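Here the protein sequences come in this chain order: A and B.
Heads up: the first sequence begins at 1 in our numbering, then just goes up one per residue.
Heads up: the second sequence begins at 1001 in our numbering, then just goes up one per residue.
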Amino acid sequence: MSVATKQVRLSYEELYRLKWLLGGFLSLISLWTLLYLEVRSGPLIALTAVVISAGILWPSLPSKIPSLFMKAAVPSLILVIAADFFLSSPDIIPPLIRMVILLVLARSLAYRKRREDLQLILLCLFIVVISGVLTLSLTFAFQIIIFTPCAIALLFVINLLECHDREQEIPQEGLSEFKLVHFLLRIIKIVDLRMVAFASLLFIGVLIVSSFIFVVIPRFRLDQAIPFLNLKSQKSRSGFSDTIHFGDVVEIIEDNSVALRVDLPQGVEIPQTPYWRMVVLDDYSNESFRMSSSARLKNIYDVNNIIELKKDSPALDEQSDQEKWTFYLEGGISRYLPVLGLFDTMRFQTRQNIEINRLLRINSTKDISSGVLFYQVENMKLMDEIPATWYERKLANLKPLVVDRSSPQAVRTGLYPQTTLVLPGGGGNIETLERIVNEITEGNKLSAHDFTTRALDYLNTNHSYDLGYDVTGSGEDGDVLIRWLNSKSPGHCELFAGSFTLLARMAGHPTRVITGFKGGAWNGYENYYMFRNRNAHAWCEIFDGEGSWVLVDPTPGSQVSDMAGGLTASSTFYIDETWRAYVDSLRILWYRRIVNFDKTTQEELTSQIKLMGTAFIDGLQSEIKQWLHNMVTWFKQPLNYEKATRIIYLFLISLSLFLLIRFRSNIFSKLSSEAKILGFDLGADPVRKKAGKFVVKFRNKQSELAITQGNMTKEWRDIYRDLLCLRFSEGHDRPTPRIVFLNASRLLKQKKKELV
Amino acid sequence: MAIETPSLKPKSLEWADPGFFTNQSRARNFFRILKQLVLPPEGHKTLPTPVGIVLIALSLGIGAAAYNTSSNILFMTLSLLLSSLLLSGILAWLNFKGTQWRLNLEPHFRVGEVTPIRIELSNHKKLLPTYSLWFRVKASVSRESKRVYLHDRLDAGTTRELNWILELKNRGTEIIEVAGLETKFPFGFLRKVIDGGISREVIVWPRRIDYNFSPKKGKRGHQPGNTLRKPGSGPELINLRTYKVGDPQRLVHWKASARQQRIMVRQMSVENKDAYLIFLETPLSKWQPGEQFEKLCAFAGSLAEDLYMQNRLWGTAINDEAVLPIKRINDLHYFLEKLAKLQPLEQYTPVNDIMGATIITFTPDNGNLVKAHVGGNEAGSA
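Structure representation (structure tokens):
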């Protein structure tokens, strides 16, 4: 083998170590993806990660595990897995994922042969994919991009080991001497940067080709003909369930993570302070607001108990000019879907079990989604008044209902909508409320509008806003809201909303508490609305006695604090262009371009490409036509000296070019032979010339240094032989000239230094 | 100062390659390669390995799940799997590209002797090494085959010999064939097979055996003074041959070298007057196919070689064929090749014009013994 191209290579032990390392990294990457999944397996994931990391740093560890332990591991694993499935039923996904983690752990505790390595790759791939499918997280994109080359490299090394003559051997001695840093330095030392560059180019090619396949692969809907397992989130963030205890909403107000993103339709003015309704809480008892069972049950569900709004339903497809709002609700927030007001249609990307409450005009999924939920709302109206249903219109004739649950003869709460007039009895609650209401109304009977104005003044005067609150006394001293009203303590949005609700009910105006999101920020990078958990809010809706529920936000500092103003469409809003907003914009791009890529998007993309292509061709055609027209016009002009000269020049140039191209080889050889006569050599092979010069230098050096055949080094002999081959031989067996010349120069310089 | 001048390699016509490129234009080669990637040409096969089948099943499963759930994450995974499969095909093609191989066989094969079958593999690429491939080499007549692996990486611009050590058991004609070049590079999903394209017929000489040969001293044959000339250091020029390391420079024939573009040297002769003629008659009535006949061939071959080395072999004759004078080593080799193919003859007319005191003949004896006679007298046995 020629010295010129000799390269250092990894031995069998080193390849095995590299395979072990890659397997460990692959497992760690897959465990990383599980961190975004709610599978209640934190300790197991941590343990597996620690074991794998230890295995990476000290590969000799598996050899120290007693064989009895490994033999007992298999039946134990089977038992544990079976028990987990049994105890977790009917939920399948969490025990399935735990099973896979255990298998990965088992594979990491023992030296692997080829079959086991392939099993490990499959297990890790399963984890990565299932996590991505269930969470739809942006980090999945990075994880799969890191996972893919790692898996490819591992397969490559496995393939190299397979062809080795020691294929089935596990070099335990080599693993016991392993030092990670030394090994990595060794890899860095021997790696060929050109190969790294080539591999990188190949990987970029893989990404480009896979992107192309992703875009062109035909899409059609099967609508989960085979039901797919869904991972349900165990609980929602507090404040967005149908029962709210004081402090629930406040718990998430300090949370800065984005909970909701909204893409607005084009041409719609962004509301100044949008209120996104999620949950309506009508009943108040035991110091908690909740959605009463009558509000939940009556006329709420569709006849079939489940309402699905499918995308691509024929009737809706015909209406192509709908204003579409696209919502991206993060997983684990709530099963209630925030909207601004009434709308025409709600569409989902996949089949969903939706519960539509036509009475309260709220919508929810059956379970809390663990991953991002996408839905589109068409023709949503920005409303500060929600029209009351015919059922609610009889509220105008109802009186407040005092419910004292401490009494043995407690009056039943009643049915919705009467629950919107329920007041807590006992403990002096009613007396306190009466006093405060009298103070507000001054004994007069006020309309809902007037009462709201005065009540808000009262609340703002007596209480300030603070996330914390300090209400003295206990339940025996009255309801917590009543006690707060009696005090001058500051409070948060729940207290203000709850208090206003009770005061309005006392005044005879049906009122209910609403929770959802308010405000938000505009992402200036990708132009969408962002709502963080700290934008969670509670406000009220008061029945105006004329058939509408009017939005009232009693919390001080809110922009909408009176009925007269209501929601106004305005262009003023907070634009977020911080680095957090930039990072979040990447996420929305991920959702828009990748996760939500569907048949419609494909068709749009195709038509866009078609349009671009058509426009380009049309433009080119018109340019060519214009040019031809100009040429024809020029030719039609009368002949003059300048024109004749130009024509002749053009003709001569064209003729010369044609002759040059047609007879180029003949011309060159003629020139070469003429040049040779004159003493120039144009046609000699430059490689042979250069090799000849090096041969002369080598011979001179050999004379100078008295190098004979006996004392000639192998390196010198090999390079000299390569030079002679380059100078004299023909055919395919010539070594690579560049490398031979490089090595020859290096050797000559080295010899020159020795001479000096 | 003498510098070793390496021998210039003659142009080889024996190299086989994957046949990716022909002497057509680049454009034609490009389209032909594209077509080959999709529709492998004859002799080229692409078969999925068990791992590949799992990958295909996995892709189908993920594809089905993707369509069922309309999940773009699954579509993305499917796209990555498919593009990895495509990458695997391209890298496997690149692995073969630029490789050439040829079969280097020993000039002579002999029964019972271990002979290396050498496959010279060359990587003519400029940058990329060649990995993880193997040859299926077969000895068709003996029905032996082996996978000869390239265990390590073959760097760009280098050549390596892969060996298969073969011991042939039967004399005669053997066909050594490089039946196929295979690889599972790079990921083990697909096994690419390329027709090896090389098949060589070799003659397997009879084995060397121990024997005893002690002819009686006495009168010579009635053709005294048989002279034998063989290569040596005499004055007479008998041949021109290519230069071998160690040949003195004074023997170089410069004109012939200039004409033939390689270094040629003169081969001189030396005389010897004490020589035998080995005469083999193999009628079926005398010799039956079997162990004894094989021993006859082995005995005759071994004796011929030893006599030649001692400069005492004048010629050979087999049955009714013309006498073959043994002047050079090639003549001896020719005789051995004829011995390799020798079989008992059903119809044989004895020849009477080969006689003399220096003629060695053979007869079968009891118990698979073979006896040698010189001038009718027993001179040895095996």
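Built from N, CA and C at the ideal position, the CB exists for glycine as well.
Given the structure is predicted, the values throughout are model-derived calculations rather than measurements.
Q. Cβ atoms of residue 1141 of chain B and residue 1175 of chain B: under 8 Å apart, would you say?
A. Within the second sequence, the letter at position 175 stands for residue 1175 of chain B. Within the second sequence, the letter at position 141 stands for residue 1141 of chain B. With contacts defined as CB atoms closer than 8 Å, residue 1175 of chain B and residue 1141 of chain B qualify as a contacting pair.
(Q) Against chain B, does residue 133 of chain A count as a neighbour if the rule is that its beta carbon must be under 8 Å from one of theirs? (A) Taking the first residue of the first sequence as 1, we reach residue 133 of chain A at position 133. For residue 133 of chain A, a Cβ of chain B is located within less than 8 Å of the residue's own Cβ.
Q.
Please identify, using Cβ separations under 9 Å, the residues of the stretch 88-119 of chain A that lie next to chain B, in order along the chain.
A. Answer in chain order: 114 and 118.
Q.
If the cut-off is 8 Å on Cβ atoms, which residues from the stretch 1146-1158 of chain B count as contacting chain A, listed in chain order?
A. Within the stretch 1146-1158 of chain B, the qualifying residues are 1149, 1150, 1151, 1152, 1153, 1155, 1156, 1157 and 1158.
**Q.** At least three beta-carbon pairs within less than 8 Å, the stretch 1199-1211 of chain B to the stretch 1333-1340 of chain B
**A.** Contact annotation: the stretch 1199-1211 of chain B touches the stretch 1333-1340 of chain B, with at least three C-beta pairs closer than 8 Å.
Q: Give me the Cα-Cα distance between residue 276 of chain A and residue 362 of chain A, rounded to the nearest whole angstrom.
A: Translated into positions along the first sequence, residue 276 of chain A becomes position 276. Translated into positions along the first sequence, residue 362 of chain A becomes position 362. Residue 276 of chain A and residue 362 of chain A have their C-alpha atoms spaced approximately 11 Å apart.
Q: Give the residues from the stretch 1179-1203 of chain B that approach chain A closer than 9 Å (Cβ to any Cβ), ordered along the chain.
A: Of all residues in the stretch 1179-1203 of chain B, 1183, 1184, 1185, 1186, 1187, 1188 and 1189 have a Cβ within less than 9 Å of some Cβ in chain A.
Q: Counting only runs of 3+ residues fully inside the stretch 604-642 of chain A, write out the beta strand (DSSP E) ranges in chain order.
A: Within the stretch 604-642 of chain A, no complete beta strand (DSSP E) segment of 3 residues or longer occurs.
Q: Tell me whether residue 1377 of chain B sits in a helix, a strand or coil according to DSSP, three-state version.
A: In the second sequence, the residue the question calls residue 1377 of chain B occupies position 377. Three-state DSSP puts residue 1377 of chain B in a strand.
**Q.** Inter-residue CB distance, residue 524 of chain A and residue 576 of chain A (contact presumed, cutoff 8 Å)
**A.** What you label residue 524 of chain A is simply residue 524 of the first sequence in a count that begins at 1. What you label residue 576 of chain A is simply residue 576 of the first sequence in a count that begins at 1. That belief holds up - the Cβ atoms of residue 524 of chain A and residue 576 of chain A are roughly 7 Å apart, short of 8 Å.
(Q) Output needed for residue 18 of chain A: all residues of its chain with C-beta closer than 6 Å, excluding positions within five of it in sequence on either side, in chain order. (A) On the first sequence, position 18 is the one that residue 18 of chain A refers to. Apart from the 5 residues on each side of it in sequence, residue 18 of chain A sits with its Cβ closer than 6 Å to the Cβ of 157 in its chain, given in chain order.
Q. When you compare only the Cα positions, how much space is there between residue 736 of chain A and residue 1126 of chain B?
A. For the purposes of this step, residue 736 of chain A is taken as residue 736 along the first sequence, with counting starting at 1. For the purposes of this step, residue 1126 of chain B is taken as residue 126 along the second sequence, with counting starting at 1. A direct Cα-Cα distance of roughly 7 Å separates residue 736 of chain A from residue 1126 of chain B.
Q. Would you say residue 787 of chain A reaches chain B, if we count a Cβ-Cβ gap shorter than 8 Å as a contact?
A. Residue 787 of chain A cannot be examined here, being either before or after the span of chain A that is shown, 1 to 756.
Q: List the residues of chain B that residue 735 of chain A touches, going by C-beta distances under 8 Å, in chain order.
A: Counting from 1 along the first sequence, the entry for residue 735 of chain A is found at position 735. Under a criterion of Cβ atoms nearer than 8 Å, the residues of chain B adjacent to residue 735 of chain A are, in order, 1157.
Q | Any C-beta of chain A under 8 Å from that of residue 1075 of chain B | A | Numbered from 1 along the second sequence, position 75 holds the residue referred to as residue 1075 of chain B. Interface residue, yes.
Q | Close Cβ partners of residue 1152 of chain B (< 7 Å) along its chain, the five nearest in sequence each way excluded | A | Taking the second sequence and counting its residues from 1, the one referred to as residue 1152 of chain B is at position 152. Listed in chain order, the non-local C-beta contacts of residue 1152 of chain B below 7 Å within the same chain number zero, local neighbours out to five positions each way being set aside.
Q. At a Cβ threshold of 8 Å, is residue 1072 of chain B touching chain A?
A. Taking the second sequence and counting its residues from 1, one reaches residue 1072 of chain B at position 72. Residue 1072 of chain B counts as touching chain A.
**Q.** CB contact flag (residue 1334 of chain B, residue 1307 of chain B, <8 Å)
**A.** Looking up residue 1334 of chain B in the second sequence gives position 334. Looking up residue 1307 of chain B in the second sequence gives position 307. The answer is no: Cβ separation not under 8 Å.
Q. Since residue 107 of chain A contacts residue 41 of chain A with CB under 8 Å, what's their CB separation in whole angstroms?
A. One-based indexing of the first sequence puts residue 107 of chain A at position 107. One-based indexing of the first sequence puts residue 41 of chain A at position 41. Going by Cβ atoms, the distance from residue 107 of chain A to residue 41 of chain A rounds to 17 Å, so no, they are not a contact pair.
Q.
Which residue wins for smallest C-alpha separation from residue 1377 of chain B, given the options B/1358, B/1366, B/1367 and B/1369?
A. Along the second sequence, one-based indexing puts residue 1377 of chain B at 377. Of the listed residues, the one whose Cα sits closest to residue 1377 of chain B is B/1358.
Q. With residue 724 of chain A and residue 744 of chain A assumed to form a contact (beta carbons below 8 Å), what rounded beta-carbon distance in angstroms separates them?
A. Within the first sequence, the letter at position 724 stands for residue 724 of chain A. Within the first sequence, the letter at position 744 stands for residue 744 of chain A. Contact between residue 724 of chain A and residue 744 of chain A fails: their C-beta atoms lie close to 11 Å from each other, not under 8 Å.
Q) Just curious, the beta strand (DSSP E) that residue 1104 of chain B is in, first and last residue? A) The residue labelled residue 1104 of chain B in the question sits at position 104 within the second sequence. Run containing residue 1104 of chain B: 1099-1104, per the beta strand (DSSP E) assignment.
(Q) Please give me, in chain order, every unbroken run of the alpha helix (DSSP H) with length at least 4 that falls completely inside the stretch 183-220 of chain A. (A) Considered as a whole, the stretch 183-220 of chain A harbours 193-216 as its complete alpha helix (DSSP H) runs of no fewer than 4 residues, in chain order.
Q | Cβ shell of residue 640 of chain A (< 7 Å), same chain only, five flanking positions each side left out | A | As a first step, residue 640 of chain A is located in the first sequence; it is residue number 640 there, counting from the start. Result list for residue 640 of chain A: empty, nothing under 7 Å.
Q. Going by other Cβ atoms of all chains shown within 10 Å of its Cβ, with 16 needed for buried, is residue 1154 of chain B buried or exposed?
A. For the purposes of this step, residue 1154 of chain B is taken as residue 154 along the second sequence, with counting starting at 1. With 16 or more other Cβ atoms within 10 Å, it is buried.
Q.
So with CB distances below 8 Å, who are the chain B contacts of residue 746 of chain A?
A. As a position in the first sequence, residue 746 of chain A is number 746, starting the count at 1. Taking a Cβ-Cβ cut-off of 8 Å, residue 746 of chain A has no neighbours in chain B, whose nearest Cβ is about 17 Å from it.
**Q.** Backbone CA spacing between residue 376 of chain A and residue 343 of chain A [nearest angstrom]
**A.** Here residue 376 of chain A is taken as the residue at index 376 of the first sequence, counted from 1. Here residue 343 of chain A is taken as the residue at index 343 of the first sequence, counted from 1. Residue 376 of chain A and residue 343 of chain A: Cα-Cα distance of roughly 10 Å.
Q. Just how far apart, CA to CA, sit residue 742 of chain A and residue 701 of chain A?
A. Stepping through the first sequence from its first residue, residue 742 of chain A is reached at position 742. Stepping through the first sequence from its first residue, residue 701 of chain A is reached at position 701. Near 17 Å, if we compare the C-alpha coordinates of residue 701 of chain A and residue 742 of chain A.
Q. Using the C-alpha atoms, what's the distance from residue 499 of chain A back to residue 564 of chain A?
A. Taking the first sequence and counting its residues from 1, one reaches residue 564 of chain A at position 564. Taking the first sequence and counting its residues from 1, one reaches residue 499 of chain A at position 499. Residue placement at residue 564 of chain A is poorly supported in this model, since its pLDDT is 38, which falls under 50; the coordinates still yield a value, given next. About 21 Å.
Q: Please look up how many angstroms separate the CB atoms of residue 56 of chain A and residue 24 of chain A, rounded, as I've assumed it's under 8 Å.
A: Locating residue 56 of chain A in the first sequence gives position 56, counting from the first residue. Locating residue 24 of chain A in the first sequence gives position 24, counting from the first residue. Indeed they touch by this definition, with Cβ atoms about 4 Å apart.
(Q) Is the beta carbon of residue 349 of chain A closer than 8 Å to that of residue 1070 of chain B? (A) Stepping through the second sequence from its first residue, residue 1070 of chain B is reached at position 70. Stepping through the first sequence from its first residue, residue 349 of chain A is reached at position 349. Less than 8 Å separates the beta-carbon of residue 1070 of chain B from that of residue 349 of chain A.
Q: Pick helix, strand or coil for residue 705 of chain A, following the three-state DSSP scheme.
A: The residue you call residue 705 of chain A lines up with position 705 of the first sequence. Of the three classes helix, strand and coil, the one that applies to residue 705 of chain A here is helix, per DSSP.
Q: For residue 1205 of chain B, name the three-state secondary structure that DSSP assigns.
A: Counted from its first residue, the second sequence places residue 1205 of chain B at position 205. Strand, per DSSP.
Q: Measure from the C-beta of residue 310 of chain A to each C-beta in chain B and report whether the shortest distance is under 8 Å.
A: Stepping through the first sequence from its first residue, residue 310 of chain A is reached at position 310. Residue placement at residue 310 of chain A cannot be trusted, given a pLDDT of 43 that sits under 50; the coordinates are not used to answer.
Q.
Could you give the first and the last residue of the continuous alpha helix (DSSP H) run that contains residue 1146 of chain B?
A. The count along the second sequence starts at 1 and reaches residue 1146 of chain B at position 146. Not the alpha helix (DSSP H): residue 1146 of chain B falls in the beta strand (DSSP E), residues 1144-1149.
**Q.** Segment contact flag, the stretch 1181-1192 of chain B with the stretch 149-156 of chain A, C-beta cutoff 8 Å, min 3 pairs
**A.** As far as the Cβ criterion goes, the stretch 1181-1192 of chain B touches the stretch 149-156 of chain A, which means the pair count is three or higher.
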